[in-house]
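Before any comments, here is the structure.
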Amino acid sequence: MFWYVYKSEFCQQKIFTDFIPCLISNPKHVTETMKKRYLSFVLLLTVLASCSKKENVSPFFFSCTIEGNKYTIENEIGAYAVVFSNTSNTIYGTELENVKTATPRTMYITLESTKGVGVHQCNGKNAIFFEDTDKVVYRTNFNNGSGQIEITEKTAEVIKGRFSGIAKSFTNPIKTINITSGEFSVRFR
C-alpha cells in the first residue's frame, strides 16, 4: 500500500517509510524536488488533519426576524410541533430558560390540522403568536393583524414551511410587531 514517489540512484523512497531514513543516511541524494513534494504532502496531511468534523446540527429549527432582530431556535427541544385533538397543529419555537434568558420568549403557529401543503392566511384558527420577555402576547389574527403560513412539506412525522405577518398585542395601547423571513422544520411529538 505504499506509494513509490521518487527514485534515485541511492534511494527508493516510499512516502511513509523510506524518505526520512534516506534523508538521514544519504542527504546529498535527496533532490530539491523531492523535498518540495514531501513538504507539500506533509502540509496536505496537516490541513486534512486539522479539518474537524462539523458539529452534529439538528435538522429541526424555528427561525424568523422580529422587528429586524433574529429569533432562532436551532434544536429539537425548543422547535417542535404538536397535534391537539385532531383539530389543530401547533408549531413551537421556544427559547429554553438559561442565565441569559431568565424569562424565555415563545413563538408558535396554530394551524387547522386539515391544512396541508400550500399557503394559508392567518384568520380564525390559523395564527402566529409571539410572547416576549415582558410576557406581552402578540398575535396575527387580533386587532387587524395579518399574516400567512406556507406549508411546504407535511407528513405524519415532520412539518416544514415559511411564515410572515404583522402581529398585534392585547395591551392598551396596542403594540405592533413585524415578523419576516419566518421558516420552520420541526418534528411532531
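First residue of the sequence shown? That's 1388 in our numbering, and the numbers climb one at a time after it.
All C-beta atoms, glycine included, are put in the ideal place defined by N, C-alpha and C.
- Burial state of residue 1547 is buried, judged by a 10 Å Cβ sphere holding 16 or more other Cβ atoms.
- Under the DSSP assignment, residue 1469 falls in the beta strand (DSSP E) whose first and last residues are 1466 to 1471.
- Looking at the backbone, the Cα of residue 1447 and that of residue 1464 are separated by about 9 Å.
- Taken through DSSP and simplified to helix, strand or coil, residue 1522 comes out as coil.
- Looking only at 1425, 1466, 1524, the smallest Cα-Cα distance to residue 1570 is reached by 1466.
- Between residue 1526 and the set 1505, 1498, 1557, 1508, the nearest pair of CA atoms involves 1557.
- In this chain, residue 1557 is not harboured by any beta strand (DSSP E), its DSSP state being neither H nor E.
- With 16 or more other CB atoms across the displayed protein chains lying within 10 angstroms of its CB, residue 1551 is buried.
- Residue pairing by DSSP places residue 1498 opposite 1476 in a beta bridge.
- Annotated three-state conformation of residue 1445 is coil, per DSSP.
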